[in-house]
Amino acid sequence: MPELPEAETIVRSLRPRLAGRRVLSVRLLSARVSRDRPERIAGQTVRDVRRHGKRVWLAFDTGGLLVKLGMTGRLLADHPPGPYTRARIELDGMTLNFDDIRQFGSLQLLDAEPAGMGPDPLEISAEEFAARLRGRDTQLKRLLLDQTFVRGIGNIYADEALFRAGIHPLARTRRLGKDRALRLHRVLIELLELAIRHRGSSISDYVDAAGERGGFQSLHQVYGREGEPCPACGAPIRRIVAAQRGTHFCARCQRR
DNA sequence: CTTAATGTTCCCCA
DNA sequence: TTGGGGAACATTAA
C-alpha cells in the first residue's frame, strides 16, 4: 500500500504527535505481526519518527521499531481498534494502531536504524544515480522496484516515473544513455515531491495517520488507466506484466 | 470462480 | 555473483 510519498505523509503527521511521548504498553492482536516482542519498548520514549524508503522508523533512546506497511498496512493515531487492528501501542496521551488487512506488514524491533538498502531517491545526486544505474543490467521497471537500487519506489511510482521520463518499462539499463538516466532522476524527484504535496495516492487501502485519503491518484497518468487515452498523445494506455507486477505505459511515448 | 491488488522473500535455474 | 521466474504469504473486491 505505501510507497515513499505515502510513508512520508504518515511520518510528517506522526512525528510532531509522537515525539517525546512514552510508550505505556504494546499489545499484539495477531501472532504474525511481529516475531521479536515489541512489547519490550514499553517504558521508552519516542525520540523521532523517520522514513526509511517506504518504511516508518520509530526511534527510541535505544533502537527503535521499524514498521513495514506491506500492501495494506495503516498507522492510525487515536483510532478505535477494528477487525484488522494487528497491534495497539498505548502512549502517554495517545494511541497508535497498526491495522493491516492482508498481513504482509510487520513490526520489527531493531537495535539500530536499518541499513543496507539503496539510497533515498530524494537525496541521491543525479551523477550518483546515473553511476549506479550504469552498474546494472536489467529492465528499468525491475530496477526501480529494487529497493537495493533506490529505496521507496513501488509499483505506482515506478510506472508514473517511467512515463514521465519517456522510458519503456522493459528497456534495459545497459542501453539507456546518460542523458536519459539523468532525466529519470529528475522526473523521479519531481514526481515524488509532487505526490507528497498531494499527500500520497489512495487506490484502495492507503490512508494517513488521521485516516485521510491522499489525493495524488487523480493525477496518475498511466497507473491503473489501462485503455484510457495517454494524456500526452492519446494512444491507449497499455498494461503488461513486468517483474511480476502489473505495468502501465504508453507504447507511443515510451519507445523501447 | 478467477484474477488482481500501493510488497517482500525464498527457492530454483541459467 | 547476478539476473529472472515462480510461489508463498492473507484478504478483499471486481
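Numbering (the numbering used here), first residue to last: 1108 to 1363. Note that the Cβ used here is the ideal one computed from N, Cα and C, for glycine as well.
Taking the C-alpha atoms as reference points, what is the distance between residue i and residue j?
| i | j | result |
| --- | --- | --- |
| residue 1264 | residue 1200 | 36 angstroms |
| residue 1291 | residue 1173 | 29 angstroms |
| residue 1151 | residue 1219 | 15 angstroms |
| residue 1222 | residue 1171 | 13 angstroms |
| residue 1313 | residue 1188 | 17 angstroms |
| residue 1361 | residue 1337 | 11 angstroms |
| residue 1232 | residue 1119 | 23 angstroms |
| residue 1242 | residue 1143 | 36 angstroms |
| residue 1184 | residue 1132 | 15 angstroms |
| residue 1236 | residue 1330 | 24 angstroms |
| residue 1341 | residue 1215 | 46 angstroms |
Kindly indicate the opening and closing residues of the beta strand (DSSP E) around residue i.
| i | result |
| --- | --- |
| residue 1333 | That residue, residue 1333, is in no beta strand (DSSP E); it is neither H nor E in DSSP. |
| residue 1236 | That residue, residue 1236, is in no beta strand (DSSP E); its alpha helix (DSSP H) goes 1233 to 1241. |
| residue 1197 | 1192 to 1198 |
| residue 1202 | 1201 to 1207 |
Would you kindly report the start and end of the unbroken alpha helix (DSSP H) that includes residue i?
| i | result |
| --- | --- |
| residue 1294 | 1285 to 1304 |
| residue 1222 | Unbroken run through residue 1222: none, as it is neither H nor E. |
| residue 1115 | 1111 to 1125 |
| residue 1181 | Not the alpha helix (DSSP H): residue 1181 falls in the beta strand (DSSP E), residues 1180 to 1184. |
| residue 1279 | Run containing residue 1279: none; DSSP gives neither H nor E here. |
| residue 1326 | Neither: residue 1326 is in no alpha helix (DSSP H) and is coded neither H nor E. |
| residue 1268 | 1262 to 1272 |
What does a CB cutoff of less than 6 angstroms around residue i pick up in its chain, not counting 5 residues either side in sequence?
| i | result |
| --- | --- |
| residue 1308 | 1263, 1321, 1323, 1324 |
| residue 1256 | 1225, 1250 |
| residue 1158 | 1114, 1115, 1118 |
| residue 1179 | 1108, 1207, 1208, 1209, 1312 |
Give me, in chain order, the residues of the same chain whose beta-carbon lies closer than 8 angstroms to that of residue i; leave out the 5 immediate sequence neighbours on both sides.
| i | result |
| --- | --- |
| residue 1177 | 1108, 1207, 1209, 1210, 1211, 1212, 1213 |
| residue 1156 | 1118, 1121, 1122, 1125, 1126, 1163, 1164, 1165, 1166 |
Are the CB atoms of residue j and residue i within a distance shorter than 8 angstroms?
| i | j | result |
| --- | --- | --- |
| residue 1294 | residue 1317 | no |
| residue 1166 | residue 1147 | no |
| residue 1271 | residue 1289 | no |
| residue 1266 | residue 1355 | yes |
| residue 1301 | residue 1247 | no |
| residue 1130 | residue 1196 | yes |
| residue 1363 | residue 1252 | no |
| residue 1357 | residue 1344 | yes |
So, helix, strand or coil for residue i, using DSSP?
| i | result |
| --- | --- |
| residue 1166 | strand |
| residue 1252 | helix |
| residue 1135 | strand |
| residue 1148 | helix |
Hey, would you say the C-beta of residue i is under 7 angstroms away from at least one heavy atom of the ligand SAM?
| i | result |
| --- | --- |
| residue 1183 | You won't find the ligand SAM in this model; it holds no ligand whatsoever. |
In chain order, what residues of the same chain lie with their CB nearer than 7 angstroms to the CB of residue i, ignoring the 5 residues before and after it?
| i | result |
| --- | --- |
| residue 1110 | 1161, 1259, 1260, 1261, 1263, 1264 |
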